[in-house]
Amino acid sequence: MTVRVGVIGAGWIGQEHIRRLTETVTGAQVTAVTDIDAARAQEAAAKVGARVLPDGAAVVAADDVDAVLVTSWGPTHAEHVLNAIAAGKPVFCEKPLATTAEDCLKIVEAETALGRRLVQVGFMRRYDAGYRQMKQVIDSGRIGEPLVVHCAHRNATVPESYHTDMAALDSAVHEIDVLRWLLDDEIVSAQVVLPRSTSKRFEHLKDPQIMLFETAKGVRIDLEVFVNCQYGYDIQCETVGEEGLVRLPDPAAVGVRTAGQHSTEVLTDWVGRFVDAFDTEFREWITAVATGAAPTGPSAWDGYAATVISNATVEARKSGGIVATDMKPRPAFYGGTA
Ligand code: NAD
Ligand code: ISE
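For the sequence shown, my numbering assigns the number 24 to the initial residue and increments by one for each residue that follows.
Below, the structure is given as structure tokens:
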């Protein structure tokens, strides 16, 4: 069966996923596209022979749409996801699931009431080969019980529109999701420590930031978010356990020896760093939709947790204190602990 996908939001990542669904993933076809920028929708749709629809509601309702992809701006996600649940259609929503805990809970409640998982959230790091290997090692018990995790999330530069809250809401939210999954544990508090800011930033931005998280089992996580590091896009993660440690591998790159130096390339953006993860994420999602299986990726509950924790991180930076994440009890419907 070919899964016919309707896309809401044909901006940067929407177009990237339309290309992916068309060229890389088998068993999928983009049949409908909408964007509040009509010309953008037209251009994206024309490339893949899809039709343009007036708005998200029309995409969800369309007869030739089996599943919905939401890649519009974060504050609009909840409305489209709730429409898809009401129509009983699987929906892949780019992060964040919604920008407020209240909207995330509405989605969780709608899906729980339906009694069938339809929502997957676009936290693609769970599909990265390195993170998957780390999880296997942790789950196998080879390094013993995890105690401490050291992480870094570095972007070479960010545009002027990137503001201080985005370090938590846009960037750290990826670590928040992947660490809950890696450790099978919940983050219960957040704190932010600010070193001196780099001179190579826009004046309004606090950069870098050091975020400190504690989990329910007492694991401590430190995360440096540094989005003007200049030298490249660099994601680091090291989990220290009672009997050893496991570290995320750097992306494979040839070693070059020349002029008395040995060097390897550092990637410059997240698109290249996670391209394989995005491809795997969409392959697995389309397979689940095609077979009528529940999605195996990050759930609406994971989307809720990530929003609560990233919002708590913003609050912690503003207050300078330690902020408890104050999450509702996890519904049995979503299974597991994290
Ligand atoms: P973008 O601004 O390039 O594109 C968003 C598009 O959505 C725009 O074309 C805009 O006109 C359209 N839009 C906004 N509201 C709409 C609505 N209600 N209906 C239809 N169209 C609407 O932004 P982007 O960089 O493509 O980001 C989109 C989403 O993807 C964001 O939520 C962002 O956080 C997420 N994202 C995820 C990753 C990742 O690593 N997983 C990376 C980048 C962006
Ligand atoms: C961006 O929005 C992303 O989602 C990237 O994955 C992340 O690395 C970057 O820091 C964000 O700004």
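Note that CB positions come from ideal geometry on N, CA and C, so glycine has one too.
Which residues in the same chain as residue i place their Cβ atom closer than 8 Å to its Cβ, once the five residues preceding and following it in sequence are excluded?
i    : result
L128 : Y327, K351
V48  : D302, F305, R306, I309
A33  : I41, V56, T57, D58, D60, R63, A64, E66, A67, A68, T94
Leaving out the 5 sequence neighbours to the left and right, which residues in its chain are closer than 6 Å to residue i when beta-carbon positions are compared?
i    : result
I31  : T57, G79, V82, V93, S95, H103
T180 : N251
A329 : V196, I199, D200
S222 : none
Whose C-beta lies closer than 7 Å to the C-beta of residue i among residues of the same chain, with five residues either side of it excluded?
i    : result
E265 : G167, E168, L170
E134 : I108, R140, L141, V142, A323
E288 : A276
Does DSSP put residue i in a helix, in a strand, or in coil?
i    : result
Q253 : coil
R270 : strand
I345 : coil
I166 : coil
S222 : coil
M350 : coil
M406 : Since the displayed the chain opens at 24 and closes at 361, residue 406 lies outside it and no answer follows.
D245 : strand
G264 : strand
A363 : With the chain covering 24 to 361 only, the question about residue 363 has no answer from this structure.
A190 : helix
V88  : coil
V83  : helix
Does the distance between the C-beta of residue i and the nearest non-hydrogen atom of the ligand NAD fall short of 7 Å?
i    : result
E117 : yes
S194 : no
A329 : no
G29  : no
S95  : yes
P63  : Position check: residue 63 holds Arg in this sequence, whereas Pro was assumed. Flag set: Cβ of R63 near the ligand NAD.
I130 : no
Answer yes or no: the CB of residue i versus the heavy atoms of the ligand ISE, is any distance below 7 Å?
i    : result
N178 : yes
V250 : yes
W308 : no
W204 : no
H197 : yes
W293 : yes
Among all the DSSP beta bridges, which residues are the ones paired with residue i?
i    : result
A55  : G29, R74
F115 : L92, Q143
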